[in-house]
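Heads up: the sequence shown begins at 1 in the UniProt record's numbering, then just goes up one per residue.
Each residue gets a CB set at the ideal place from its N, CA and C atoms; glycine is no exception.
In what follows, a single structure is set out as structure tokens and then discussed.
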Amino acid sequence: SMPLRALQGFIDSVFRLAHVPLSCPHYTCISRRAKQVEVSFKTKTRGAIQHLAIDATGLKVYGEGEWKVKKHGTDGKRRVWRKLHIAVDTSTHEIIAAELSLSTVTDGEVLPNLLKQTRRSLLEVSGDGAYDTRACHAAIKIKGAIALVPPREGAAFWERGHPRNFAVGCQKLYGSNKYWKERYGYHKRSLSETAMYRVK
Numbered sequence: 001s002m003p004l005r006a007l008q009g010f011i012d013s014v015f016r017l018a019h020v021p022l023s024c025p026h027y028t029c030i031s032r033r034a035k036q037v038e039v040s041f042k043t044k045t046r047g048a049i050q051h052l053a054i055d056a057t058g059l060k061v062y063g064e065g066e067w068k069v070k071k072h073g074t075d076g077k078r079r080v081w082r083k084l085h086i087a088v089d090t091s092t093h094e095i096i097a098a099e100l101s102l103s104t105v106t107d108g109e110v111l112p113n114l115l116k117q118t119r120r121s122l123l124e125v126s127g128d129g130a131y132d133t134r135a136c137h138a139a140i141k142i143k144g145a146i147a148l149v150p151p152r153e154g155a156a157f158w159e160r161g162h163p164r165n166f167a168v169g170c171q172k173l174y175g176s177n178k179y180w181k182e183r184y185g186y187h188k189r190s191l192s193e194t195a196m197y198r199v200k
């Protein structure tokens with residue numbers, strides 16, 4: 001957590017104490033070397049995606065920051081938001097598909113388009129309760145994947161034999177989705193949140 005110049009001085013003093021005839025590289029040296037380094041990233045572009053995590057976040061296009069609005073109120077100008085929807089491969093942390101929409105568009109409306117962008121086969125697709133709609137479950141089923149979407153609070157059973165009914169039954173039996181989430185590895189969905197932080 002030291003600033004670069006302080007770290008540079010610290011390393012130089014360690015070298016002096018150890019009687020090592022070296023000096024810590026300075027910022028310009030590191031920058032020049034970084035430009036010359038060639039790194040080839042090989043991502044897996046074929047084969048099935050084991051687990052695809054989907055999430056959305058709001059991006060402010062125009063207007064004041066949240067803190068200023070909370071403290072001082074709006075200045076009368078309109079605040080404009082967009083929603084970024086992403087699909088992340090949890091094994092490679094790669095963003096497989098992305099779509100930008102108006103703030104009025106729901107997460108569930110965008111999910112079928114995200115799945116169409118993924119040209120590979122999918123084994124599991126996870127998302128939060130916003131994707132607990134019949135259209136989302138149908139889109140995931142068309143891709144031949146298992147939907148790992150927790151039912152909303154107080155959800156009702158769907159038609160007999162629907163895979164979602166097990167999650168609803170767990171919710172009614174245990175009072176929450178905790179048991180279902182642990183059994184199906186729903187925690188992998190948090191990697192989509194990590195990808196959001198990388199984008200922001």
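Does residue i pass the burial test, meaning 16 or more other C-beta atoms within 10 Å, or should it be called exposed?
i: I30; result: exposed
i: G127; result: buried
i: W67; result: exposed
i: A34; result: exposed
i: R46; result: exposed
i: H19; result: exposed
From the DSSP output, read off the bridge partner residues of residue i.
i: G192; result: The amino acid at residue 192 is misidentified as Gly; the sequence shows Ser. In DSSP, S192 forms no bridge with anything.
i: V110; result: According to DSSP, V110 bridges with nothing at all.
i: G58; result: K83
i: I49; result: L122
i: V88; result: A53 and I95
i: S101; result: K83
Shortest alpha-carbon distance to residue i belongs to which of the options?
i: E124; options: N177, G144, T133 and G108; result: G144
i: K141; options: K178, C170, K116 and G73; result: K116
i: T28; options: D12, G169, V39 and L4; result: L4
i: L122; options: L17, H187, S1 and A139; result: A139
i: T106; options: D89, Q36 and G129; result: G129
Would residue i pass as a contact of residue j if the rule is Cβ separation under 8 Å?
i: A135; j: G161; result: no
i: L102; j: R120; result: no
i: L114; j: E99; result: yes
i: T118; j: I96; result: yes
i: L191; j: A48; result: no
i: F15; j: L22; result: yes
i: Y12; j: M196; result: Looking at the sequence itself, residue 12 is Asp, so the reference to Tyr does not match. Their beta carbons are not under 8 Å apart, which means D12 does not touch M196 by this criterion.
i: W158; j: Q171; result: no
If you draw a straight line from the C-alpha of residue i to the C-alpha of residue j, how long is it?
i: A155; j: S91; result: 31 Å
i: E153; j: L173; result: 13 Å
i: P112; j: T57; result: 17 Å
i: Q50; j: D132; result: 20 Å
i: E182; j: R198; result: 26 Å
i: R164; j: I146; result: 10 Å
i: K71; j: K178; result: 37 Å
i: K60; j: L84; result: 11 Å
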